[in-house]
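For reference, the structure discussed in these notes is given below.
Numbering (our numbering), first residue to last: 381 to 574.
This is the structure:
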């Protein structure tokens with residue numbers, strides 16, 4: 381038996397077996413400055429829901445402050461909040477497959493509970509946060525997820541995104557400058573993590 385998605389052409393991930401195809405959360409092409417899972421030794425000192433992290437729990441994209449950020453799929457705005465000395469201002473959007481997470485953002489153009497469509501503007505990118513350069517921290521959770529898995533329930537979003545809008549390295553690539561881990565807030569008892 382052949383499944384429909386195996387007989388149709390692959391168009392930017394449109395026929396992913398998992399049924400998750402994300403647009404990129406920005407216009408144009410931007411480089412990744414920190415990949416999913418990088419620097420396990422640096423992030424192991426931080427806890428998420430009481431469990432030490434196994435590495436970087438998202439992807440950091442180099443973006444100029446004030447860049448427009450877009451919804452990666454249809455969904456509903458779940459939470460808009462702020463984590464001082466950590467993710468900074470952040471936004472979570474609920475989708476049929478789980479949730480997307482935008483951190484280190486500036487002004488927000490949506491409201492909690494608002495239903496949004498793929499590619500609707502949701503916010504502007506912020507500044508440097510706890511990093512050496514301006515960036516967007518982007519992550520996803522695929523349902524069902526486990527917040528106690530050492531990743532905070534997050535999954536690597538890169539396999540679900542259109543690769544034509546993502547640069548893996550910049551032309552003037554300097555590993556020491558681009559892939560520096562950033563600090564996170566130290567978890568305290570009773571603290572609520574996004």
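We treat Cβ as the ideally placed atom computed from N, Cα and C, and that holds for glycine.
Keep in mind it's a predicted model, so treat the numbers as computed, not measured.
Who are the Cβ neighbours of residue i in its own chain at under 8 Å, not counting the five residues just before and after it?
i           : result
residue 391 : Interpretation of residue 391 is limited by its pLDDT of 48, a score under 50 that renders its predicted location unreliable; the figure taken from the coordinates is listed afterwards. If we look at residue 391 and ignore the five residues flanking it on each side, it has no Cβ neighbours.
residue 514 : 442, 443, 444, 445, 505, 506, 507, 508
residue 407 : 447, 448, 450
residue 399 : 477
residue 485 : 449, 468, 469, 470, 471, 503, 504, 505, 506, 516
By Cβ distance, which residues of its chain are closer than 7 Å to residue i, with the 5 residues on each side in sequence left out?
i           : result
residue 463 : 470, 565, 574
residue 424 : 432, 433
residue 530 : 431, 432, 433, 434
residue 538 : 416, 439
If residue i and residue j are in contact, beta carbons under 8 Å, what's the gap, nearest whole angstrom?
i           : j           : result
residue 520 : residue 478 : 6 Å
residue 452 : residue 402 : 4 Å
residue 524 : residue 450 : Going by Cβ atoms, the distance from residue 524 to residue 450 rounds to 26 Å, so no, they are not a contact pair.
residue 561 : residue 422 : 4 Å
In its own chain, which residues sit with a C-beta less than 6 Å from the C-beta of residue i, not counting the 5 before and 5 after it?
i           : result
residue 454 : 497, 498
residue 567 : 427
residue 535 : 520, 522
residue 481 : 472, 519
residue 528 : 429, 431
residue 465 : 565
residue 495 : 456
Please name the residue or residues paired with residue i in a DSSP beta bridge.
i           : result
residue 501 : 450
residue 517 : 440, 483
residue 475 : 478
residue 547 : 411
residue 495 : 456
residue 469 : 462
residue 535 : 520
residue 488 : 503
residue 541 : 402
Can the beta-carbon of residue i be found closer than 8 Å to that of residue j?
i           : j           : result
residue 516 : residue 405 : yes
residue 475 : residue 441 : no
residue 419 : residue 435 : yes
residue 429 : residue 570 : no
residue 472 : residue 459 : yes
residue 546 : residue 448 : no
Which runs of the alpha helix (DSSP H) fall wholly inside the segment 401-464 and span at least 4 residues, in chain order?
-> 420-423
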